[in-house]
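Only one structure is covered here, and it is reproduced in the block below.
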Amino acid sequence: MNQKELVLKAMFPMEQAAAKGGWPGAAAALFDTLAGVLRRGERVEIRGLGTFSVARTKARKGRNPRTGAAIDIPPGRRVRFKPSKSLLA
Numbered sequence: 000m001n002q003k004e005l006v007l008k009a010m011f012p013m014e015q016a017a018a019k020g021g022w023p024g025a026a027a028a029l030f031d032t033l034a035g036v037l038r039r040g041e042r043v044e045i046r047g048l049g050t051f052s053v054a055r056t057k058a059r060k061g062r063n064p065r066t067g068a069a070i071d072i073p074p075g076r077r078v079r080f081k082p083s084k085s086l087l088a
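Once you know that position 43 of the sequence shown is 42 in numbering that gives the first Met the number 0, the rest is easy, because the numbers rise by one and skip nothing.
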């Protein structure tokens, strides 16, 4: 999903939230839309900012830092962000 598609998808919820609670509500509606897209496993590319994607993690062994006991960490999903070159310059 690119920036234009994200804005079109978030436009209606943002307008409703801005009418009710002002711009903080509109920003929250945009972030909720972004979170929903990432929950579905889609990639979001915003020109000039970067790319958000979802990466799967494997199950692994870990340690409880307090007790030192071994624990099993289940597989999961993590959000990754890769900044654009213009952001890094």
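No residue lacks a Cβ here, since even glycine has one placed at the ideal position from N, Cα and C. Just so you know, these numbers come straight off a predicted model, no measurement behind them.
Annotation for Met13: Ala25, Ala28 and Leu29 place their beta carbon closer than 7 Å to its own, counting only its chain and skipping 5 residues before and after. The beta carbon of Arg42 is closer than 6 Å to those of Ser52 in its chain, skipping five residues each way along the sequence.
The shortest C-alpha to C-alpha distance from Ile45 to any of Glu4, Arg55 and Arg62 is the one to Glu4. The C-alpha of Leu7 lies about 13 Å from the C-alpha of Val36. In the three-state reduction of the DSSP assignment, Ala58 falls in the coil class.
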